[in-house]
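A.B. asks:
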Amino acid sequence: MESALWIGTVMGDGSSILPLFFRNKLTLGCRAVHSAFWYIFGSVNQTFSQLIKLKVLAIALLFFVNTDMAFGALRIDITKGGLQPLPIALSDFVDLSPNGAVFPQGTSGRELNEVITADLERSGLFKPLDPGSFMQTPAELWQKGPNFRDWRLIGAEAVVSGAAYEKDGKLVADFFLHDVYQGSLVGKGKRFTAPIRDLRHVAHRIADEIYTRLTGESGYFTSRIAFVASRGDMKWLALMDQDGANQVDLTRDRTLVLTPRFAPSGEQLFYLSYERGPPRIFRWDLYTGKRTIQGDYPGLNSAPSWSPDGQTMALTLSMDGNSEIYLRDLKSGNLRRLTENISIDTSPSFSPDGRQIVFNSDRGGSPQVYVMEANGSNVRRISFEGNYNAAPVWSPRGDFIAYVRGGGGRFRIAVIEPNGQNGRVLTDSWMDESPAWSPNGRVILFSRQSGSQTRLYTIDLTGHNERSVDLKGNINGSDPSWSPLVR
Amino acid sequence: MKRLASFFITVLLLGTLAGCGAVPNEGPDGAAAQGGGAKSDGAGVGGAGGYGSNLDDPNAAGALTEADRRVHFDFNSAALTPQAESVLAKNARALSRSAGRVQVEGHCDERGTREYNLALGQKRADAAAQFLISQGVDSGRIKTISYGKERPMIQGHDETSWQQNRRAEIIPQ
Numbered sequence: 353m354e355s356a357l358w359i360g361t362v363m364g365d366g367s368s369i370l371p372l373f374f375r376n377k378l379t380l381g382c383r384a385v386h387s388a389f390w391y392i393f394g395s396v397n398q399t400f401s402q403l404i405k406l407k408v409l410a411i412a413l414l415f416f417v418n419t420d421m422a423f424g425a426l427r428i429d430i431t432k433g434g435l436q437p438l439p440i441a442l443s444d445f446v447d448l449s450p451n452g453a454v455f456p457q458g459t460s461g462r463e464l465n466e467v468i469t470a471d472l473e474r475s476g477l478f479k480p481l482d483p484g485s486f487m488q489t490p491a492e493l494w495q496k497g498p499n500f501r502d503w504r505l506i507g508a509e510a511v512v513s514g515a516a517y518e519k520d521g522k523l524v525a526d527f528f529l530h531d532v533y534q535g536s537l538v539g540k541g542k543r544f545t546a547p548i549r550d551l552r553h554v555a556h557r558i559a560d561e562i563y564t565r566l567t568g569e570s571g572y573f574t575s576r577i578a579f580v581a582s583r584g585d586m587k588w589l590a591l592m593d594q595d596g597a598n599q600v601d602l603t604r605d606r607t608l609v610l611t612p613r614f615a616p617s618g619e620q621l622f623y624l625s626y627e628r629g630p631p632r633i634f635r636w637d638l639y640t641g642k643r644t645i646q647g648d649y650p651g652l653n654s655a656p657s658w659s660p661d662g663q664t665m666a667l668t669l670s671m672d673g674n675s676e677i678y679l680r681d682l683k684s685g686n687l688r689r690l691t692e693n694i695s696i697d698t699s700p701s702f703s704p705d706g707r708q709i710v711f712n713s714d715r716g717g718s719p720q721v722y723v724m725e726a727n728g729s730n731v732r733r734i735s736f737e738g739n740y741n742a743a744p745v746w747s748p749r750g751d752f753i754a755y756v757r758g759g760g761g762r763f764r765i766a767v768i769e770p771n772g773q774n775g776r777v778l779t780d781s782w783m784d785e786s787p788a789w790s791p792n793g794r795v796i797l798f799s800r801q802s803g804s805q806t807r808l809y810t811i812d813l814t815g816h817n818e819r820s821v822d823l824k825g826n827i828n829g830s831d832p833s834w835s836p837l838v839r
Numbered sequence: 010m011k012r013l014a015s016f017f018i019t020v021l022l023l024g025t026l027a028g029c030g031a032v033p034n035e036g037p038d039g040a041a042a043q044g045g046g047a048k049s050d051g052a053g054v055g056g057a058g059g060y061g062s063n064l065d066d067p068n069a070a071g072a073l074t075e076a077d078r079r080v081h082f083d084f085n086s087a088a089l090t091p092q093a094e095s096v097l098a099k100n101a102r103a104l105s106r107s108a109g110r111v112q113v114e115g116h117c118d119e120r121g122t123r124e125y126n127l128a129l130g131q132k133r134a135d136a137a138a139q140f141l142i143s144q145g146v147d148s149g150r151i152k153t154i155s156y157g158k159e160r161p162m163i164q165g166h167d168e169t170s171w172q173q174n175r176r177a178e179i180i181p182q
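If you read the protein sequences in the order shown, they are chains Y and D. First residue of the first sequence? That's 353 in the working numbering, and the numbers climb one at a time after it. First residue of the second sequence? That's 10 in the working numbering, and the numbers climb one at a time after it.
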């Protein structure tokens, strides 16, 4: 181990850097799209300072814990003040040569920090400070540890120091997270090793680590987005990292495709294709590129979604007279009908425990959101405001359901608790649809149509921090699905 | 059947080109000419210029114009209006005089969600198909498909466009 790595031990809480192993896989058909899968050993010993704890946790947990949390006098009222992002100093990682000396010609350190900074800034929970104000150079910070007084002066509450080097053709990145007010480490130093081409993945992984240590929630930066890309009247499936990088096309054959849906494993997609004439559901194995049709029932086949255990598909079929929701066992192909009435039932989405399904029905005269047990029993309506409530999706945390709320000629993204309480409209536009949750249930990804343009956006569960997702090639994007974490 | 299908397509194409509800002269076997040249049975005509305007030709299902094969719906509804029923009855009569198959396509306007509109489009297609069946058309001759809001007739974003886009179309196969 390089001597520099022990700075963490000397300064911090006696922790050491733990090695990480990885394996590399995931190919998409013939296209090689890489990703690293990390196995992390050891636990993170989190030592929060009071200040960081108060600020970030209060922000992060506001909607997961009752707002009258026992956090002393500090209460954040988001209806008045909005989110207060945590000021964090993100220094370029220091490039090292194999002998541990600073290697000024290196570029990996800067690239890592650019990705980390962009991730944390986009989350809305962090405010990366201007590096021009930093009083310690990255090399000083890495070699001597933070001079906490200097970092306090510029208002930083957390400081990240890191180093990167190449070894045996691989990128090795080490980082430490420091609590400025406590003057200590937050968690242990951590090392990531990956093929050099996976630099962005390593950076996202570090950003996830910082996010997790400072909010107590799982991050979401090492994840992907599948979506329907379009230009003119052509639509195709595309895949990209959550920040819009590494965008690749999955289909490009002019067949109409819709509604990709990531499997809980992140390794497969369900999607709808018109390649056989009428719309049929296909499963795409992203590892092998193999595609298989999931049944060929008369009439409409649509709205595929995965059970949390990946064993069952919920879907909509019209073969029994009108659109009803069914379950299809993925191994046997056996069908089980869940709904039975003369109205439209569609857009099923499982609760994370797999025991309930939220769906869309116009049995009450207008499209509304309903919840039922996964066997079809105990149906209850949960949306009552708005005359067109549709496309419900259950958060992976289970605490909220996101849906499209229509009323007054507008369609907006809203959330509501599964019991129908505390509904809130998050966006304000003319035609927002297709909500999809980040893997940690914190951010909602959706599409927004304005005129003939459709773009992807994200918004925080609190209704703050709306951001557009940049797509390459001047294309439209719709029908997004957010993958689980790719580790 | 294949000849009949190409007949329908030809009529459709040429009808569009001519900008009117032009109808070809029919041969004794019910088949029409390809636009590019006469059929070997000598019954066809050479091109668009040869088409007459006998709109009320009672013998050809293809006599219906595109507009004659389209019905419209109210917002978020798959209920057939009296006008839609009259259009469909006309289609049923035309179908009763031929042996061709049709695909009934259901469409929606751009408002609302992708999946709900797919279901609504299917409901519209099914409603139109059921009406044709009630008028005596063999159900085996009808296929239905929903395009939801994916194939608008008009690209506008106003009530006039939406009204046009909420539709079912009877497409000869």
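Using N, Cα and C, we set each Cβ at its ideal position, and we do this for glycine too. Remember, predicted model here, so these are calculated numbers, not experimental data.
Determine the chain D residues that contact residue 831 of chain Y at a beta-carbon separation under 8 Å, and present them in chain order.
C.D. replies: 123
A.B. asks: Name the DSSP bridge partner or partners of residue 667 of chain Y?
C.D. replies: Within the DSSP bridge table, the entry for residue 667 of chain Y names Y/678 as partners.
A.B. asks: Give a yes or no on whether 8 Å exceeds the smallest Cβ distance from residue 651 of chain Y to chain D.
C.D. replies: yes
A.B. asks: Roughly how many angstroms separate the alpha carbons of residue 107 of chain D and residue 660 of chain Y, rounded to a whole number?
C.D. replies: 51 Å
A.B. asks: Excluding the 5 residues preceding and the 5 following residue 551 of chain Y in the sequence, name in chain order all residues of the same chain whose CB lies nearer than 7 Å to its CB.
C.D. replies: 460, 463, 464 and 523
A.B. asks: Mapping DSSP to helix, strand and coil, what is residue 500 of chain Y?
C.D. replies: Reduced to three states, the DSSP call for residue 500 of chain Y is helix.
A.B. asks: Let me check understanding here. Comparing Cα to Cα, which of D/130, D/123 and D/104 lies closest to residue 146 of chain D?
C.D. replies: D/104
A.B. asks: Rounded to whole angstroms, what is the Cα-Cα separation between residue 626 of chain Y and residue 815 of chain Y?
C.D. replies: 36 Å
A.B. asks: Given 8 Å as the limit, is there contact between the segment 160-178 of chain D and the segment 635-649 of chain Y, that is, 3 or more CB pairs closer than that?
C.D. replies: no
A.B. asks: According to DSSP, what are the bridge partners of residue 796 of chain Y?
C.D. replies: Y/789 and Y/811
A.B. asks: Who are the near neighbours of residue 152 of chain D in its chain, counting only those whose CB is closer than 8 Å to its CB and skipping five residues on each side?
C.D. replies: 110, 111, 112, 113 and 182
A.B. asks: Do you know whose CA, among Y/555, Y/616 and Y/502, lies nearest residue 485 of chain Y's CA?
C.D. replies: Y/502
A.B. asks: Give the residues of chain Y in contact with residue 182 of chain D, contact being defined as C-beta atoms less than 9 Å apart.
C.D. replies: Result: empty, since nearest Cβ-Cβ is about 10 Å, beyond 9 Å.
A.B. asks: Over what stretch of residues does the alpha helix (DSSP H) that includes residue 127 of chain D continue unbroken?
C.D. replies: Here the alpha helix (DSSP H) through residue 127 of chain D covers 123-143.
A.B. asks: May I ask which residues mark the beginning and end of the beta strand (DSSP E) holding residue 104 of chain D?
C.D. replies: No beta strand (DSSP E) holds residue 104 of chain D; the alpha helix (DSSP H) holding it covers 91-105.
A.B. asks: Beta-carbon of residue 828 of chain Y versus every beta-carbon of chain D: anything under 8 Å?
C.D. replies: no
A.B. asks: Comparing alpha-carbon positions, which option in Y/492, Y/779, Y/520 and Y/745 lies nearest residue 812 of chain Y?
C.D. replies: Y/779
A.B. asks: Along the chain, where does the beta strand (DSSP E) that runs through residue 518 of chain Y open and close?
C.D. replies: 510-519
A.B. asks: For a test of the three-state rule: what should DSSP assign to residue 539 of chain Y, helix, strand or coil?
C.D. replies: Here residue 539 of chain Y sits in coil by DSSP.
A.B. asks: Based on the DSSP secondary-structure assignment, which residues constitute the bridge partners of residue 593 of chain Y?
C.D. replies: Y/576
A.B. asks: Report yes or no: do the segment 786-803 of chain Y and the segment 537-546 of chain Y share at least 3 C-beta pairs separated by less than 8 Å?
C.D. replies: Verdict: no, contact absent.
A.B. asks: Could you tell me the alpha carbon to alpha carbon distance between residue 796 of chain Y and residue 676 of chain Y, rounded to whole angstroms?
C.D. replies: When rounded, the distance between both Cα atoms is 27 Å.
A.B. asks: Tell me the DSSP secondary structure of residue 606 of chain Y in three-state form.
C.D. replies: Residue 606 of chain Y sits in coil when the DSSP states are folded into three classes, being neither helix nor strand.
A.B. asks: Interface residues of chain D around residue 610 of chain Y at Cβ under 9 Å?
C.D. replies: 123, 124, 127, 157 and 159
A.B. asks: With DSSP as the reference, label residue 562 of chain Y as helix, strand or coil.
C.D. replies: helix
A.B. asks: Indicate whether residue 681 of chain Y and residue 664 of chain Y have their beta-carbon atoms separated by less than 8 Å.
C.D. replies: Taking 8 Å as the Cβ cut-off, residue 681 of chain Y and residue 664 of chain Y qualify as a contacting pair.
A.B. asks: Rounded to the nearest angstrom, what separates residue 136 of chain D and residue 749 of chain Y at their Cα positions?
C.D. replies: 40 Å
A.B. asks: With a threshold of 16 other CB atoms inside 10 Å of the CB of residue 169 of chain D, please say whether the residue is buried or exposed.
C.D. replies: exposed
A.B. asks: Counting along the chain, where does the alpha helix (DSSP H) carrying residue 474 of chain Y start and finish?
C.D. replies: Looking at the DSSP string, the run of the alpha helix (DSSP H) that includes residue 474 of chain Y is 460-475.
A.B. asks: Who does residue 683 of chain Y pair with in a DSSP beta bridge?
C.D. replies: None, per the DSSP bridge assignment.
A.B. asks: Quick check on the burial criterion: 16 or more other C-beta atoms within 10 angstroms. Buried or exposed for residue 161 of chain D?
C.D. replies: Buried.
A.B. asks: Would a check of beta-carbon distances place residue 665 of chain Y closer than 8 Å to chain D?
C.D. replies: For residue 665 of chain Y, the answer is no, since every Cβ of chain D falls outside 8 Å of its Cβ.
A.B. asks: Is there a C-beta anywhere in chain Y that falls below 8 Å from the one on residue 131 of chain D?
C.D. replies: yes
A.B. asks: Looking at the structure shown, is residue 389 of chain Y part of a helix, part of a strand, or coil, going by DSSP?
C.D. replies: With a pLDDT of 25 at residue 389 of chain Y, under the threshold of 50, the modelled position of this residue cannot be trusted, and the question is left open.
A.B. asks: Beta-carbon within less than 6 Å of residue 735 of chain Y's beta-carbon, same chain only, minus the 5 sequence neighbours each way: which residues are those?
C.D. replies: Correct list, in chain order: 720, 721 and 741.
A.B. asks: Work out the CA separation of residue 179 of chain D and residue 671 of chain Y for me, nearest whole Å.
C.D. replies: 20 Å
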